[in-house]
Amino acid sequence: MIGITGAWQFPSAGSGRDGFSCLGAAGFSPGAAEHTILKVYNGVPYLAFVDVANGYRATVMFYHKKKRRWLSLGEPGFSKIPVNYTSMFIDNGVPYVAFKERMLNSKVLVMKYSGGAWRRVGGPVFCGVEINYLTIFVEAGVPYVAFTEGETYRGRVMKYDAKAGWVPVGGSFSDKFAGYLSLFVDRGTPYVAFTEGDDIPWCTLGKLAVARWEQGSAGGEAAWVRVGEQDIFGTAFYASLYVEQGVPYVAYGDGNELCKFSVAKCVYDEERGLERWIPVGRPGFSEGIVVYPKLVFDRGIPYVAFRDDTNGYGATVMKYERDCWVYVGEPGFSAGEVNYVSLQVEKGQVFVAYADGSRSAVDVLAAFFDGD
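Going by our numbering, the sequence shown wraps up at 557, each residue one higher than the last.
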């Protein structure tokens with residue numbers, strides 16, 4: 186199942202579990218769900234996932250506040266083909282979903298919900314061999330898609346142009362095999378966080394890196410460049426990127442801290458005249474190993490969610506205040522083991538989505554957190 190959490194105020198660690206309750210009926214998906222992704226727009230949660238009961242096709246649902254239940258946005262299984270790696274973004278109220286073909290694993294497509302139906306955004310974003318780590322970001326109506334492709338697992342970004350269709354944003358942003366991509370676009374500038382290694386197994390626990398697309402100065406060519414001095418980064422397990430008021434932040438399972446949670450931000454060092462990364466709070470601040478780390482901001486406050494392997498493999502949410510990371514509700518608050526953790530915070534209300542692995546058939550749960 187999937188869990189979604191909303192909060193108006195936030196208790197410290199040790200608060201009871203009574204604050205968590207389901208948003209709608211537990212297990213509201215038609216059956217098993219994979220690659221769940223949550224977005225919230227104007228207080229309305231939207232959930233995209235691979236709908237196993239619908240032939241592994243893409244489905245998006247939203248929570249209807251008056252009816253107090255989850256409804257399908259458009260036709261369930263709207264992708265018409267079996268898919269994998271669903272990713273969603275909502276731009277000015279318009280939902281976009283990116284996915285790849287499941288059977289051939291060779292084509293990336295994007296659809297948006299417009300005029301009461303799901304419609305293709307151009308043709309295929311990319312056609313190649315072995316596409317992975319797909320993610321979408323939309324800014325001012327312009328979709329960007331990042332992914333790895335081919336036997337080399339090099340990372341790429343594509344951008345949609347209304348006249349030219351899908352066009353590449355430069356070449357590969359990674360020097361080696363890339364994994365765990367996280368894409369963010371800030372005022373027309375794409376950023377990508379990723380792990381990289383010398384081969385496929387090592388890129389999934391490889392060195393963390395953050396790259397930015399920069400236009401060349403004085404007639405120079407545009408290129409992907411590494412953002413700041415990245416000496417503090419070692420090996421990482423997953424990555425989640427966010428740019429807040431022009432400042433890049435990255436959350437990750439920190440290989441230097443036994444894969445516990447760390448967050449870093451990039452600052453400008455005036456004395457040295459360059460950008461460098463510094464920790465946000467104590468490195469490795471979680472109790473144990475984290476999986477599916479997610480980072481978002483709300484009104485200048487960073488929040489993180491993750492699967493907490495020390496607390497029963499459940500879902501945990503934390504926020505940064507008074508120079509330290511504190512729990513939002515109880516750690517490991519979910520009913521059982523979770524996968525595909527996703528986080529959104531809007532005006533102090535926290536939503537967490539996850540696939541609940543406590544049942545043999547993974548379905549969808551939503552939880553609402555009341556901090557009173």
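Yeah, the Cβ is synthetic: ideal placement off N, Cα and C, and Gly gets one too. Predicted model, so just to flag it, every value in this text is computed and none were measured.
The Cβ neighbour count for V370, taken over all protein chains shown within 10 Å, is at least 16; the residue is labelled buried.
Taking 8 Å as the cut-off, the Cβ atoms of G419 and G440 count as close. H249 counts as exposed, since fewer than 16 other C-beta atoms from the protein chains shown sit within 10 angstroms of its C-beta.
For G499, the closest C-alpha among the options C509, I486, P478 and V511 is that of P478. The DSSP-derived three-state label of A424 is strand. Exclusion of the five residues before and after G278 leaves Y226 as the residues of its chain whose Cβ lies within less than 7 Å of its Cβ. Each of E456, W462, G533 and C451 was checked against the Cα of F482, and the nearest Cα belongs to G533. The beta-carbon distance between S367 and L426, rounded to whole angstroms, is 4 Å. This is short enough to meet the 8 Å contact definition.
Residue environment: A421 is assigned as buried (16 or more neighbouring CB atoms within 10 Å of its CB, all protein chains considered). In the three-state reduction of the DSSP assignment, N317 falls in the strand class. A straight-line Cα-Cα distance of about 5 Å links K297 and R304. Uninterrupted alpha helix (DSSP H) stretches at least 4 residues long and entirely within the stretch 486-513 do not occur.
With fewer than 16 other CB atoms across the displayed protein chains lying within 10 angstroms of its CB, L256 is exposed. In the same chain as G259, and ignoring 5 residues on each side of it, the C-beta atoms closer than 8 Å to its own belong to V245, Y298, G301, A302 and W303, in chain order. DSSP places G458 in the coil class of the three-state scheme, outside both helix and strand.
Taking a contact as a CB-CB distance under 8 Å, the pair L393 and Y437 counts as one, their CB atoms being some 6 Å apart.
The residue from R287, G326 and I316 with its alpha-carbon nearest to that of D276 is G326.
The residue among P353, F263, R341 and G340 with its C-alpha nearest the C-alpha of D236 is F263. Counting the other CB atoms within 10 Å of its CB gives Y453 a total below 16, which places it among the exposed residues. Out of F311, A396, T374 and Y525, the CA that lies nearest to the CA of T380 is found in A396. Residue nearest to I222 within the set I486, I321 and A210 is I321 (criterion: CA-CA distance). Between the C-alpha atoms of P353 and R341 there is a straight-line separation of about 8 Å. Note on geometry: alpha-carbon atoms of E219 and P261 lie some 15 Å from one another.
Across the structure, Y345 and G307 are spaced so that their CA atoms are roughly 8 Å apart.
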